[in-house]
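In what follows, a single structure is set out as structure tokens and then discussed.
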Amino acid sequence: MSSLPPATALRAPTILVFDSGLGGLSVFRELARARPDARFVYAADDAAFPYGALSETALVARVMAVMEHLIARHAPDAVVIACNTASTLVLAPLRERFALPFVGTVPAIKPACESSLTRQVSVLATPGTVRRDYTQKLIHDFAGDCHVTLVGSTRLAPLAEAAMRGEGVSDEELAAEIASAFVREGRARTDTVVLACTHYPLLRDRLEKVAPWPVRWIDPAPAIARRLSSLIGPVAFAASPAPLRLFSTGERLDAGMVERIVGRRARAGEILAMDAPALA
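In case it helps, this note's numbering puts the sequence shown at residues 2 to 281.
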């Protein structure tokens, strides 16, 4: 993938951050820190949330259709697919279709296995990410002598959405969803957990609280921010005056809620009106 032409650095770049729901806000926080000069658009395909419920064919068609509308409307300089489930399938077709940089979000298995002392690593993901050949290839290529436990949670992303919206989510519910990620084998036990869904870092404080023992939690967001910055060139200005623009396909995103999560001013949420493939 090539970087943008040097001339692009002379103006504030427009960055589109895309997810099926609120999870991509965990990535946006790091992007905003790395690129204070950028104008950001955050888009949530919440009408199709959660993506893990879609077949692979339907997911690719859905993301391609939504992305067609978003790119036509906002003409971004780069796009961040802040969703593991989507990234493991759609990056190749997106790069083939659109002549602009795409940065994906994939399970951080390589750094997790490189840093594990007990050689026991767990990947806390969605069922869709766990099923992907892409994830298996990452394990094959980078796990080495690490034992990698894949945990596909069906409820943790929806629980994160609920918690961010101010709904009650109990510690017991969270503990049940992460229990399988904590493994003992003889004297060794899990010492590193990969947060392989962008929703999960939104709950990190609470996950640390309910975990059976302390572990290193791997959040890919800082690495994603570094990758994006390397593609779009040096920071152009001290800060962009433009508030974060919010779009969704289902219900309008609450600007106040988003501001509390990311610490950045946001405009009132707008609905992306579009015709898209059925969600079967």
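Glycine included, every Cβ here is placed at the ideal spot set by N, Cα and C.
- Within the DSSP bridge table, the entry for Tyr-43 names Val-18 and Leu-247 as partners.
- Runs of the alpha helix (DSSP H) lying entirely within the segment 123-160, each at least 4 residues long, are 128-132 and 134-143 in chain order.
- Excluding sequence positions up to five before and after Arg-190, its CB lies within less than 8 angstroms of the CB of Thr-119, Gln-121, Phe-183, Val-184 and Trp-214, all in the same chain and listed in chain order.
- For the set Val-61, Gly-129, Glu-252 and Ile-82, the Cα lying nearest the Cα of Pro-221 is the one of Ile-82.
- The DSSP assignment places 25-35, 57-75 and 85-98 as complete runs of the alpha helix (DSSP H) inside the segment 16-103, in order along the chain (cut-off: 4 residues).
- The DSSP-derived three-state label of Ala-113 is helix.
- Put simply, the segment 224-241 does not touch the segment 149-163. Fewer than three CB pairs are less than 8 angstroms apart.
- Here DSSP, grouped into helix, strand and coil, assigns Leu-118 to coil.
- Inter-residue distance for Leu-55 and Pro-108 is about 19 angstroms (C-alpha atoms, whole angstroms).
- With a threshold of 16 other beta carbon atoms within 10 Å, Thr-58 falls short and is exposed.
- Restricted to the segment 197-229, the alpha helix (DSSP H) segments that are unbroken, complete and at least 4 residues in length are 205-211, listed in chain order.
- A straight line joining the alpha-carbon of Glu-271 with that of Phe-248 spans about 5 angstroms.
- Using a Cβ-Cβ distance cut-off of 8 angstroms, the segment 37-52 and the segment 230-246 are in contact, since at least three pairs of beta carbons, one from each stretch, lie closer than that value.
- Measuring C-alpha to C-alpha distances from Asp-20 to each of Arg-36, Arg-12, Pro-51 and Gln-137 identifies Pro-51 as the nearest.
- Out of Thr-86, Ala-62, Glu-174 and Ser-123, the CA that lies nearest to the CA of Asp-134 is found in Thr-86.
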